[in-house]
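Residue numbers (the UniProt record's numbering): 1 to 151. Glycine is no exception: its CB is placed at the ideal position from the N, C-alpha and C atoms. Heads up, the thing below is written out as structure tokens.
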């Protein structure tokens, strides 16, 4: 994941831009983009895993159909039947393993999302602190709302 570098000039508002707009734009560019990218990545991985599982499930059902159609009268048919059963069991084990891996990936990605959200919140608080420091030192002036409270 690419993290956007911090630029000091992002803190200096343009003449036509209010302090609130600068703060809102900076917050939007950091936390929301990171969270959005992570969610998109999680959705993509989940979708791919679902497609893989559906494909394997279909293969497994086809194998079960093949096994149930085999006549059991001859020795060759019996060995084919046994082979198909083994193949089906192997496929089922593979599916179970893939499902376990998929669940682990999803759990790991959820942890990463949580970590990124925490980082984004921390960056937001740091950004707010820096803006307040600049305001206190007289470099920035925030617009006051109609009630007179700072926004």
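Exercise. Tell whether a beta-carbon distance below 9 Å holds between residue 56 and residue 94.
Key: yes
Exercise. With a 10 Å radius around its C-beta and 16 neighbouring C-beta atoms as the bar for buried, classify residue 31 as buried or exposed.
Key: buried
Quiz item: Hey, is the region 38-51 in contact with the region 95-111, meaning 3+ C-beta pairs nearer than 8 Å?
Solution: yes
Self-check item: Rounded C-alpha distance that separates residue 140 from residue 131
Solution: 8 Å
Quiz prompt | Close beta carbons around residue 105, own chain, < 8 Å, minus the five adjacent residues each side | solution = Excluding positions up to five away in sequence, the list reads 45, 49.
Quiz item: When burial is assigned at 16 or more other CB atoms within 10 Å of the CB, is residue 38 buried or exposed?
Solution: Here residue 38 is buried, its C-beta having at least 16 other C-beta atoms within 10 Å.
Practice problem: Following the continuous alpha helix (DSSP H) through residue 91, name the residue where it begins and the one where it ends. | Solution: 75-136
Quiz item: Is it right to say residue 100 is buried, meaning 16 or more other beta carbons lie within 10 angstroms of its own, or is it exposed?
Solution: exposed
Self-check item: Member of 66, 42, 90 whose CA lies at the smallest distance from the CA of residue 81
Solution: 66
Exercise. Under 7 Å Cβ to Cβ from residue 59, same chain only, skipping five residues before and after it: list those, please.
Key: 91
Quiz item: Apart from the five residues on each side of it in sequence, which residues of its chain come closer than 7 Å, Cβ to Cβ, to residue 152?
Solution: Coverage of the chain is limited to positions 1 through 151, which leaves residue 152 absent and any answer about it impossible.
Quiz item: According to the Cβ coordinates, are residue 102 and residue 34 closer than 9 Å?
Solution: no
Quiz item: Does the Cβ-Cβ distance between residue 98 and residue 52 come in under 9 Å?
Solution: yes
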